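Enquirer: Chains as they are written, first to last, in UniProt numbering: chain Y, 1 to 198; chain R, 1 to 369.
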Amino acid sequence: MAALSPLRPDLAIIAANVAPGSSVLDVGCGDGALLAALRDRQCDARGMELDPGNVAECVARGLSVIQGDADADLSFYPDRSFDYAILSQTLQTTKRPDRVLEELLRIGRRAVVSFPNFAHWRVRLALLWGGRMPVTRLLPVAWYETPNIHHVTVDDFRALLKERGIVVEQAWFLKGDRLTSPAAANFRAEHAVFLLSR
Amino acid sequence: MATAPLPEASRVLDLPAPLPLDCGKDLPGVRIAYETYGTLAADRGNAILICHALTGDQYVASPHPITGKPGWWVRMVGPGLPIDTDRFFVICANVIGSCMGSTGPASAAPDGQPWGMRFPVITIRDMVRGHVALLDALGIERLHAVVGGSMGGMQALSLAANFAARAERALVIASTARHSAQNIAFHEVGRQAIMADPEWRGGDYYAAAGKGPDKGLAVARMAAHITYLSEEGMHEKFGRNLQDRESKTFGFDADFQVESYLRYQGLSFTGRFDANAYLYITRAMDYFDLAEEHGGRLAAAFAGSKTRFCLVSFDTDWLYPTAESRRIAHALNAAGCPVSFMELSAPFGHDSFLLDVPALDRVVAGFLG
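(1) Taking the straight line between their C-alpha atoms, what separation do you get for R/D57 and R/N94?
(2) Could you name the residues of the same chain whose beta carbon sits closer than 6 Å to that of R/S345, not counting the 5 residues immediately before and after it, in chain order?
(3) Can you tell me whether R/H179 is helix, strand or coil according to DSSP?
(4) Answer with buried or exposed for R/V189, where buried requires no fewer than 16 other C-beta atoms within 10 angstroms of its C-beta.
(5) Within 10 angstroms of its Cβ, does R/G29 collect 16 or more other Cβ (buried), or is it exposed?
(6) Where does R/K306 fall in DSSP's three states?
(7) Let me know the beta strand (DSSP E) ranges lying completely inside the stretch 2-52 of chain Y, each 3 residues or longer, listed in chain order.
(8) Using a Cβ-Cβ cut-off of 6 Å (strictly less than) and excluding sequence neighbours within five positions of R/S268, which residues of its own chain qualify?
(9) On the DSSP bridge assignment, give the partners of Y/H191 in chain order.
(10) Please classify R/H235 as buried or exposed, where buried requires at least 16 neighbouring CB atoms within 10 angstroms.
(11) Within 7 Å: the Cβ of R/L319 and any heavy atom of the ligand NAD?
(12) When Cβ atoms are compared, which residues of the stretch 338-363 of chain R fall closer than 8 Å to chain Y?
(13) Extract the residue ranges of the alpha helix (DSSP H) inside the stretch 70-123 of chain Y, only unbroken runs of 4 or more that lie entirely within it.
(14) Under 7 Å Cβ-Cβ, which residues of chain Y neighbour R/R75?
(15) Mind pulling the chain Y residues with CB within less than 8 Å of R/N46?
(16) Would you say Y/Q67 reaches chain R, if we count a Cβ-Cβ gap shorter than 8 Å as a contact?
(17) Run through DSSP, which three-state label would R/S268 get?
(18) Hey, would you say R/A61 sits closer than 8 Å to R/Y37, going by beta carbons?
(19) Applying the criterion that 16 or more other CB atoms from any shown protein chain within 10 Å of the CB defines a buried residue, is R/D253 buried or exposed?
(20) Given this structure, state the Cα-to-Cα distance separating Y/L196 from R/A177, to the nearest angstrom.
(21) Quick one, are the C-beta atoms of Y/V154 and Y/A192 less than 8 Å apart?
(22) If we ignore side chains and look at the alpha-carbon of each, how far apart do Y/A3 and R/G101 end up?
(23) Counting only the same chain and skipping the five closest in sequence on each side, list residues whose C-beta sits under 8 Å from that of Y/D71.
(24) Per the contact definition of three or more C-beta pairs closer than 8 Å, is the stretch 77-87 of chain Y in contact with the stretch 60-68 of chain Y?
(25) Going by other Cβ atoms of all chains shown within 10 Å of its Cβ, with 16 needed for buried, is R/S150 buried or exposed?
(26) According to DSSP, simplified to helix, strand and coil, what is R/M100?
(27) So, is the C-beta of Y/L4 closer than 8 Å to a C-beta in chain R?
(28) For a test of the three-state rule: what should DSSP assign to R/I184, helix, strand or coil?
(29) Just the Cα atoms here: how many angstroms apart are R/G51 and R/W73?
(30) In angstroms with no decimal places, state the Cα-to-Cα distance between R/F348 and R/V147.
(31) Under 8 Å, do R/G116 and R/D197 count as touching if we go by C-beta distance?
(32) Let's see if you can read the secondary structure: which residues bound the beta strand (DSSP E) around R/L171?
(33) Short of 7 Å Cβ to Cβ, which residues in the stretch 54-86 of chain Y face chain R?
(34) So if I threshold CB-CB distances at 9 Å, which residues from the stretch 12-23 of chain Y count as touching chain R?
(35) Nearest CA to the CA of R/L21: which residue from R/R283, R/P70, R/M127, R/P213?
(36) Please report how far the alpha carbon of Y/N17 lies from the alpha carbon of R/A161, in whole angstroms.
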């Protein structure tokens with residue numbers, strides 16, 4: 001069994017803020033790093049993942065993960081079947097992020113969503129001065145092959161939440177692996193994590 | 001094969017009471033032939049039940065007594081292998097209705113004559129009832145896991161659904177929760193081939209001088225064998241290659257390699273399998289519909305189950321395609337059961353579960369823990 005890599009900063013925040021013992025669905029769970037951390041917190045943690053290699057890796061680690069697509073396969077879960085439905089670094093890769101968000105809040109009593117902020121100053125600078133689609137540490141892939149098909153900013157996301165009547169219970173903003181203040185987060189945060197409910 | 005062999009290597013259990021069947025009858029004098037590998041732990045908590053497929057048997061990791069070939073899953077079951085017999089006590093039982101030592105249509109009925117077509121029609125759940133009786137006799141309350149591919153997967157699902165407390169884990173490979181119209185259709189071709197053979201004699205061929213309906217059984221096996229392979233795999237293996245000849249003969253010999261291969265598969269099958277057993281087991285598979293047993297809702301079959309499930313399909317399996325496994329995964333989700341599901345890529349069609357697919361080995365080892 002391969003050792004799990006240390007938790008990505010946004011995942012560490014999520015893991016630390018999920019109540020121990022709760023039931024969790026991690027949509028787009030990758031290699032299962034968050035699921036394993038949640039399992040250590042006595043959570044009933046399940047995953048969904050598109051990439052079959054990642055799914056096999058998770059199952060080989062004793063995790064419960066189904067191969068599936070956030071856009072298509074969330075509809076098969078009953079209402080409120082989990083305490084938390086988590087979508088980390090995946091929202092921007094879905095075909096219809098708004099519908100996926102609605103599904104998360106139907107399946108989970110709460111939803112946790114994390115995404116790279118496209119309005120971070122480095123990204124703005126790259127576009128403003130370079131005139132090219134940004135390739136940064138958090139967005140390392142060129143426009144033609146990036147899985148991120150719906151780039152989103154902190155303010156865009158907040159606007160969507162407001163429009164849909166979704167409550168922000170808590171939010172965290174990251175610069176590298178450090179928390180940064182919510183003030184001017186749309187400019188200063190590389191990464192955002194939202195805890196949501198209805 | 002005119003008489004039922006009772007291979008000596010197998011252990012047998014004679015059930016003390018008749019086995020109640022789904023058809024409403026009780027099957028008297030049931031014998032279950034099985035093999036075990038490894039050592040049962042003192043707490044009896046390390047047992048894994050492997051369920052075999054349609055024409056499989058209990059010789060999962062030891063040589064077949066008739067053909068002398070190695071066990072059918074030696075690449076998966078053994079010391080240090082994904083189903084590790086150094087750690088686990090592995091049980092594999094011949095299903096009732098079959099012909100490798102467990103009671104089936106070739107066995108003697110209470111009147112001393114072979115059952116033949118007087119044998120009651122059995123179901124997958126009846127096979128599982130036989131397995132559970134064996135577990136009772138072995139003193140195994142709760143399996144570490146029940147594992148099966150193809151029809152073995154149906155048994156694993158049925159055991160987990162009907163005897164939920166008996167299995168901690170269920171590993172279901174290349175299987176389905178119901179037989180589709182296409183599945184039933186292929187089986188019907190096989191059954192009609194057997195019954196159209198004059199040597200079948202209404203199923204009462206055991207005492208006949210001839211060999212029984214070998215021709216019909218061989219055709220049944222040929223048709224079924226096609227469904228176990230992928231188009232791509234067949235093309236790669238045989239293409240349009242001719243068999244031991246330079247050109248077509250303008251006749252009906254086995255000109256093509258694929259014809260010769262299928263004929264060989266059909267013929268060699270008749271040496272180790274009973275035609276009536278083939279009829280009964282294919283019928284049991286056709287009758288299998290786990291949702292129907294539970295009020296039409298597949299999720300209801302698993303309600304309240306604490307079993308952990310793992311479902312694996314193969315991208316080239318058109319007999320039990322990925323959609324069937326995904327349907328089961330969705331039902332298990334709806335029932336709130338812990339479930340893993342993945343489609344693995346392998347070129348061998350349905351038979352992939354028996355062949356060299358390293359990704360499957362990792363998943364099996366990981367899931368069994």
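Quick reminder that beta carbons are idealized off the backbone N, C-alpha and C, glycines included. Keep in mind that this is a model prediction, so the values were computed, not measured.
Expert: In brief:
(1) For the purposes of this step, residue 57 of chain R is identified with residue 57 of the second sequence, where counting begins at 1. For the purposes of this step, residue 94 of chain R is identified with residue 94 of the second sequence, where counting begins at 1. Each residue's alpha carbon lies about 5 Å from the other.
(2) Sequence index remark: in the second sequence, residue 345 of chain R carries index 345 (1-based). Contacts found: D315.
(3) Position 179 of the second sequence, counting from 1, holds the residue named residue 179 of chain R. If DSSP states are grouped into helix, strand and coil, R/H179 belongs with coil.
(4) For the purposes of this step, residue 189 of chain R is taken as the residue at position 189 of the second sequence. Exposed, by the Cβ-count rule.
(5) Position 29 of the second sequence, counted from the start, is the residue given in the question as residue 29 of chain R. Exposed, by the Cβ-count rule.
(6) On the second sequence, residue 306 of chain R is found 306 positions in, with the first residue counted as 1. When secondary structure is reduced to three states using DSSP, R/K306 falls in the coil class, being assigned neither helix nor strand.
(7) You should have 23-27, 44-49.
(8) Indexing the second sequence from 1 puts residue 268 of chain R at position 268. Taken in chain order, the list of residues that qualify is empty.
(9) Along the first sequence, read from residue 1 onward, the residue named residue 191 of chain Y stands at position 191. In DSSP, Y/H191 forms a bridge with Y/P116, Y/L174.
(10) Along the second sequence, one-based indexing puts residue 235 of chain R at 235. Flag for R/H235 reads exposed.
(11) For the structure depicted, the ligand NAD is absent and the ligand set is empty, with no information on it obtainable.
(12) Those would be P338, V339, S340, F341, M342, E343, L344, S345, A359, R362, V363, in chain order.
(13) Segments of the alpha helix (DSSP H) lying fully in the stretch 70-123 of chain Y: 70-73, 97-107.
(14) Taking the first residue of the second sequence as position 1, residue 75 of chain R is located at position 75. Neighbours of R/R75 across chain Y, judged by C-beta separation under 7 Å, do not exist; the nearest C-beta is about 17 Å away.
(15) Reading the second sequence from its first residue, position 46 is the one you call residue 46 of chain R. Under a criterion of Cβ atoms nearer than 8 Å, no residue of chain Y is adjacent to R/N46; the nearest Cβ is some 16 Å distant.
(16) Taking the first sequence and counting its residues from 1, one reaches residue 67 of chain Y at position 67. Judged by the 8 Å Cβ criterion, Y/Q67 is in contact with chain R.
(17) For this step, residue 268 of chain R is matched to residue 268 along the second sequence. Helix.
(18) Walking along the second sequence from the start, residue 61 of chain R turns up at place 61. Walking along the second sequence from the start, residue 37 of chain R turns up at place 37. One thing to note: R/A61 has its Cβ within 8 Å of the Cβ of R/Y37.
(19) Translated into positions along the second sequence, residue 253 of chain R becomes position 253. In summary, R/D253 is exposed, with fewer than 16 beta-carbon neighbours lying within 10 Å of its beta-carbon over all protein chains present.
(20) Residue 196 of chain Y sits at position 196 when you count from the first residue of the first sequence. Residue 177 of chain R sits at position 177 when you count from the first residue of the second sequence. Using only the alpha carbons, I get a separation of about 37 Å.
(21) Along the first sequence, one-based indexing puts residue 154 of chain Y at 154. Along the first sequence, one-based indexing puts residue 192 of chain Y at 192. Yes.
(22) The count along the first sequence starts at 1 and reaches residue 3 of chain Y at position 3. The count along the second sequence starts at 1 and reaches residue 101 of chain R at position 101. Note that Y/A3 scores 45 on pLDDT, short of 50, meaning its location in the model is unreliable; the coordinates nonetheless yield the value given after this. The alpha-carbon separation between Y/A3 and R/G101 amounts to approximately 46 Å.
(23) Here the question's residue 71 of chain Y lines up with position 71 in the first sequence. Short of 8 Å from the beta carbon of Y/D71, and not among the five residues preceding or following it, lie these beta carbons of its own chain, in chain order: T94, K95, R96, R99, V100.
(24) Segment contact: the stretch 60-68 of chain Y against the stretch 77-87 of chain Y, fewer than three CB-CB distances shorter than 8 Å; contact not assigned.
(25) Taking the first residue of the second sequence as position 1, residue 150 of chain R is located at position 150. Buried is the label assigned to R/S150, since at least 16 other Cβ atoms lie within 10 Å of its Cβ.
(26) Here residue 100 of chain R corresponds to residue number 100 of the second sequence, with the count starting at 1. Correct three-state label for R/M100: coil.
(27) Reading the first sequence from its first residue, position 4 is the one you call residue 4 of chain Y. The pLDDT assigned to Y/L4 is 46, lower than 50, so where the model puts this residue is not dependable; a value taken from the coordinates is nonetheless given after this. By this cut-off, Y/L4 is not an interface position.
(28) Reading the second sequence from its first residue, position 184 is the one you call residue 184 of chain R. It is helical.
(29) One-based indexing of the second sequence puts residue 51 of chain R at position 51. One-based indexing of the second sequence puts residue 73 of chain R at position 73. The amino acid at residue 51 of chain R is misidentified as Gly; the sequence shows Cys. Annotation: R/C51 to R/W73 spans about 11 Å, alpha carbon to alpha carbon.
(30) Here the question's residue 348 of chain R lines up with position 348 in the second sequence. Here the question's residue 147 of chain R lines up with position 147 in the second sequence. Whole-angstrom Cα-Cα distance: 20 Å.
(31) By 1-based counting over the second sequence, the position of residue 116 of chain R is 116. By 1-based counting over the second sequence, the position of residue 197 of chain R is 197. In this structure, R/D197 does not lie closer than 8 Å to R/G116 by Cβ.
(32) Walking along the second sequence from the start, residue 171 of chain R turns up at place 171. If you look at R/L171, you'll find it in the beta strand (DSSP E) that goes 169-173.
(33) Answer in chain order: V55, A56, V59, A60, R61, G62, S64, V65, I66, Q67, F76, Y77, P78, S81.
(34) Within the stretch 12-23 of chain Y, the residues whose Cβ lies closer than 9 Å to any Cβ of chain R are, in chain order, S23.
(35) For the purposes of this step, residue 21 of chain R is identified with residue 21 of the second sequence, where counting begins at 1. Closest option to R/L21, Cα to Cα, is R/M127.
(36) To locate residue 17 of chain Y, count along the first sequence from 1; it is residue 17. To locate residue 161 of chain R, count along the second sequence from 1; it is residue 161. The alpha-carbon atoms of Y/N17 and R/A161 are separated by roughly 36 Å.
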